[in-house]
Amino acid sequence: MNSLVIDTSTTRTSAAVFAGSQLLFEGHHDGATEHAEALPKLVAQALEVERRIDQVIVGMGPGPFTGLRVGIVFAQTFATARNIPWVGVCSLDGIDIDSPSYIVATDARRKEIYWAHYLNGERANGPFVGKQEDVVTRPEKKFGFGFTEPLFPSPHLLLAKSLAMNIREPFYLRRPDAVPTSERQ
């Protein structure tokens with residue numbers, strides 16, 4: 003089965019194509035506000051390597067609202083146009099750390115982080131959004147934004163996690179910055 007794997011939950015836009023578990027193409031673009039421009043180009047490059055796609059796997063966050071929407075809508079539209087399934091996975095689950103108990107974090111902007119706690123590679127708690135200082139006091143090792151170099155979801159791990167989950171709703175975890183005029187206070 004050929005899988006297109008997409009993630010736009012962080013400042014990195016990524017796309018990969020797998021034949022089974024064999025990686026055929028992997029590309030990414032770093033730019034916090036460039037998901038909409040980068041993703042179609044990356045997918046076009048991926049399709050030059052393999053045109054037959056049997057399923058789309060997409061990171062469902064948590065992540066900033068606009069970036070997430072770009073990836074999710076692209077994945078859903080691509081899958082619908084080709085009459086193939088799409089599978090949603092938690093993007094934080096795609097960050098692989100070799101430790102029995104740990105926390106991974108990504109940038110949530112507004113001086114906050116998205117984070118989750120993992121035991122032996124499986125998510126035990128989360129995802130959450132909060133202040134970095136609220137997580138600092140926890141006993142687990144911490145990796146990612148605010149603790150180590152930024153980490154990004156691995157297409158290999160997102161593919162592997164897709165076998166055990168299918169999330170249909172994004173992990174937004176907070177309201178978007180932009181709201182209709184009628185909802186403003």
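In terms of the numbering used here, the sequence shown opens at residue 3 and continues consecutively.
All C-beta atoms in this analysis are idealised placements derived from N, C-alpha and C, irrespective of residue type, glycine included.
Cβ-based neighbour list, residue i, same chain, cut-off 6 Å, excluding 5 preceding and 5 following
| i | result |
| --- | --- |
| residue 191 | Not covered by the structure: residue 191. The range shown for the chain is 3 to 187. |
| residue 38 | 72 |
| residue 144 | 105 |
| residue 54 | 4 |
| residue 20 | 5 and 161 |
| residue 81 | 58 and 88 |
Supposed contact pair residue j and residue i - C-beta distance, whole angstroms, cut 8 Å
| i | j | result |
| --- | --- | --- |
| residue 71 | residue 131 | About 17 Å separates the two Cβ atoms, so there is no contact after all. |
| residue 74 | residue 7 | Contact doesn't hold; Cβ gap of about 13 Å is too wide. |
| residue 96 | residue 61 | 6 Å |
Per-residue burial, residue i [other beta carbons within 10 Å of its own, 16 or more giving buried]
| i | result |
| --- | --- |
| residue 57 | buried |
| residue 141 | exposed |
| residue 89 | buried |
| residue 77 | buried |
| residue 164 | buried |
| residue 184 | exposed |
| residue 170 | exposed |
7 Å Cβ shell around residue i - same chain, five flanking residues per side excluded
| i | result |
| --- | --- |
| residue 66 | 111 |
| residue 22 | 3 |
Where the beta strand (DSSP E) containing residue i begins and where it ends
| i | result |
| --- | --- |
| residue 69 | From DSSP, residue 69 is part of no beta strand (DSSP E) but of the alpha helix (DSSP H) over 67-84. |
| residue 102 | No beta strand (DSSP E) contains residue 102, which DSSP labels as neither H nor E. |
| residue 32 | 24-32 |
Residues near residue i in its chain [Cβ-Cβ closer than 8 Å; skip 5 each side]
| i | result |
| --- | --- |
| residue 29 | 16, 17, 18, 44, 47 and 48 |
| residue 174 | 63, 64, 67 and 70 |
In DSSP terms, what residue i is bridged to
| i | result |
| --- | --- |
| residue 111 | 114 |
| residue 93 | Answer by DSSP bridge pairing: none, since residue 93 is not bridged. |
Within-9 Å CB hit, residue i to chain D
| i | result |
| --- | --- |
| residue 46 | No chain D appears in this structure, which consists of one protein chain only. |
Delimiting residues of the alpha helix (DSSP H) encompassing residue i
| i | result |
| --- | --- |
| residue 157 | 157-163 |
| residue 43 | 37-51 |
| residue 151 | That residue, residue 151, is in no alpha helix (DSSP H); it is neither H nor E in DSSP. |
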